[in-house]
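*Asks:* Below you will find the structure I want to go over with you.
In this note's numbering, the protein residues as written are 1204 to 1460.
Right, here's the structure in full:
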């Protein structure tokens, strides 16, 4: 307990905490957007539960990884070499996580613009809804692993005290729990914002894959591009006076009139 809370009386530790908290919130927003998009596919009464489960699972994973720092460092050791390039456990997680992000983002974009490929509302709708909820939670867990790994590696590089890192992760998740619902509702209410968020996920997926292959794309470039796109979209929303553009709903059959 002393190792977790001993930093409270150290001013320099508070500076590290504030800096790390800011970075964790920025990283956490990506996670919240993805969770909100996935949760938006569920019935309204299940969305908040899915968001809460997803964020709490993210916190548990991050805390577990923080207390396994030696294992985290072992992930940086090469497991095999292919065409003269070494691949570690971390590289594989980033590559497959990035590919999963690309797949999900493109699939969601297609459904929003063209409509889904399967008709819902069969007699077994209750079973399908249950299966969908479990599938959504499973997908959230997969991405939680990727985002948690990136978050923990950032935390380990920013702070030396485990207590500072744990506090930053817990406070970040608490902030995200409060922000998840309004962010999710805003994204669902504005399809163009949802498309922009999906484009961000594509960008993040490319970044993860590039990082996995050893190509470092400065995060500042990514965040600047995202910030510029958000500023343009806010101007568009203001020009439309907040009236959203209508796209396909995810529960609409493509052949429906």
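For every residue, glycine included, the Cβ atom is placed at its ideal position computed from N, Cα and C.
This structure is a prediction, so every number in the text was calculated from the model and none was measured.
Three-state secondary structure (DSSP) at residue 1286?
*Replies:* Coil, per DSSP.
*Asks:* Can you determine whether any heavy atom of the ligand MG sits closer than 7 angstroms to the C-beta of residue 1433, and answer yes or no?
*Replies:* This structure lacks the ligand MG, and indeed carries no ligand of any kind.
*Asks:* For residue 1429 and residue 1403, I'd like the C-alpha separation in whole angstroms.
*Replies:* Between residue 1429 and residue 1403, the C-alpha separation is close to 7 angstroms.
*Asks:* If you draw a straight line from the C-alpha of residue 1299 to the C-alpha of residue 1443, how long is it?
*Replies:* Residue 1299 and residue 1443: Cα-Cα distance of roughly 39 angstroms.
*Asks:* Going by DSSP, which residues form a beta bridge with residue 1291?
*Replies:* Answer is 1281, bridged to residue 1291.
*Asks:* Given a cut-off of 8 angstroms, decide if residue 1287 and residue 1412 are closer than it, judged by their beta-carbon atoms.
*Replies:* Cβ distance not < 8 angstroms, so residue 1412 and residue 1287 don't count as in contact.
*Asks:* Rounded to the nearest angstrom, what separates residue 1316 and residue 1277 at their Cα positions?
*Replies:* Using only the alpha carbons, I get a separation of about 43 angstroms.
*Asks:* Do three or more CB pairs link the region 1257-1269 to the region 1370-1381 at distances below 8 angstroms?
*Replies:* Output reads yes: the region 1370-1381 touches the region 1257-1269.
*Asks:* When you compare each of 1234, 1342, 1249 and 1289 to residue 1262 by their alpha carbons, which one comes out closest?
*Replies:* When only C-alpha atoms are compared, the closest one is 1234.
*Asks:* Can you tell me whether DSSP reads residue 1307 as helix, strand or coil?
*Replies:* In this structure, residue 1307 counts as helix in the three-state DSSP scheme.
*Asks:* For the region 1387-1448, which segments carrying the alpha helix (DSSP H) assignment without a break, of at least 4 residues, lie completely within its bounds, in sequence order?
*Replies:* The qualifying runs are 1394-1415 and 1422-1442.
*Asks:* Using the beta-carbon count (16 or more within 10 Å), is residue 1337 buried or exposed?
*Replies:* Counting Cβ neighbours within 10 Å, residue 1337 comes out exposed, since fewer than 16 surround it.
*Asks:* Excluding the 5 residues flanking residue 1218 on each side, which residues of the same chain have their C-beta closer than 7 angstroms to its C-beta?
*Replies:* Within the same chain, residue 1218 has no close Cβ partners at all.
*Asks:* For residue 1220, report the span of its alpha helix (DSSP H) as first-last.
*Replies:* Start and end: 1214-1242.
*Asks:* Do you know whose CA, among 1347, 1352 and 1409, lies nearest residue 1306's CA?
*Replies:* Closest by alpha carbon: 1409.
*Asks:* Please classify residue 1245: does DSSP put it in a helix, a strand, or coil?
*Replies:* Coil at residue 1245, not helix or strand.
*Asks:* Measure the CB-CB distance between residue 1230 and residue 1369 and report whether it falls below 8 angstroms.
*Replies:* Not in contact: residue 1230 and residue 1369 (Cβ atoms no closer than 8 angstroms).
*Asks:* Within its chain, find whatever has a CB closer than 7 angstroms to the CB of residue 1351; leave out the 5 residues flanking it on each side and keep chain order.
*Replies:* Taken in chain order, the residues that qualify are 1261, 1264, 1265 and 1268.
*Asks:* Under 6 angstroms Cβ to Cβ from residue 1440, same chain only, skipping five residues before and after it: list those, please.
*Replies:* Answer for residue 1440: no residue qualifies.
*Asks:* Return the chain-ordered list of same chain residues with a C-beta closer than 8 angstroms to the C-beta of residue 1270, the five sequence neighbours on each side being excluded.
*Replies:* Excluding positions up to five away in sequence, the list reads 1365.
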